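To start, the structure under review is shown below, and the notes come after it.
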């Protein structure tokens, strides 16, 4: 009776519609610290300027606001520290900073303070088109960072209001259960 009861209960709990699925997530919660990108966002077009890697990596993509203020610099510092704290997973992750066209950054400062940070130019109009009808849509005036899979799909995003340790927890969880390609 117990075995069949558990199996029957499991079948009854499976959501049949997206609305039921959302209610279940609200009721039980999720383990991720960042916000989910719904639907997952294909950012491969925004990352075409970067050199192709032999082995695709997970990415922390930092999208700069109108200019890199203290908040932006704090995010860059936090993501650098998180990258180092990943320990054995550090080699499976790379950080990318997408600079807007009006953003003036001191290249020497960036290379000194963030030696393993990849830099790429951001086409803001193209990126705004990607964000239409997506949960990650914002005015792009502030800095935001995304967790991107090796297949170039953004699945989580964080703002300056999020705790940086949440990014560490999410990345460790994702890297633990994802295959090493």
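In my numbering, the protein residues as written are 279 to 459.
Every residue, glycine too, gets a C-beta built ideally from N, C-alpha and C.
Predicted model, so just to flag it, every value in this text is computed and none were measured.
### Query
So is residue 440 buried or exposed if we call it buried at 16+ other beta carbons inside 10 Å?
buried
### Task
Give the DSSP bridge partners of residue 241, in chain order.
There is simply no residue 241 to check, as the chain begins at 279 and stops at 459 in what is shown.
### Query
Using DSSP with H/G/I as helix, E/B as strand and the rest coil, what is residue 398?
strand
### Task
For residue 375, collect the residues of the same chain with a Cβ closer than 6 angstroms to its Cβ; drop the 5 residues on either side in sequence, then sort them by chain order.
340, 395 and 397
### Message
Measuring straight from C-alpha to C-alpha, what distance separates residue 384 and residue 352?
### Response
15 angstroms
### Query
CB residue 283 to CB residue 436, shorter than 8 angstroms?
no
### Query
Do you know whose CA, among 368, 379, 445 and 365, lies nearest residue 424's CA?
445
### Task
Would you mind sorting residue 449 into buried or exposed? The rule is 16 or more other CB atoms within 10 Å of its CB.
buried
### Query
Quick one: any contact between the stretch 347–364 and the stretch 413–421, if contact means 3 or more CB pairs under 8 angstroms?
yes
### Task
Identify, in the order they occur along the chain, each residue of the same chain with its Cβ nearer than 6 angstroms to the Cβ of residue 324, setting aside the five sequence neighbours on each side.
405
### Task
Enumerate, from N- to C-terminal direction, the unbroken beta strand (DSSP E) stretches of 3 or more residues contained entirely within the stretch 318–394.
336–341 and 371–377
### Query
Where do the ends of the beta strand (DSSP E) carrying residue 292 lie?
That residue, residue 292, is in no beta strand (DSSP E); it is neither H nor E in DSSP.
### Three-state secondary structure assigned by DSSP to residue 407
helix
### residue 292, buried or exposed, once every other Cβ within 10 Å from all chains shown has been counted against 16
exposed
### Task
Quick one: give me the first and last residue of the alpha helix (DSSP H) that residue 443 is part of.
442–455
### Message
Using the three-state DSSP reduction, which class does residue 300 fall into: helix, strand or coil?
### Response
helix
### Query
In its own chain, which residues sit with a C-beta less than 8 angstroms from the C-beta of residue 303, not counting the 5 before and 5 after it?
none
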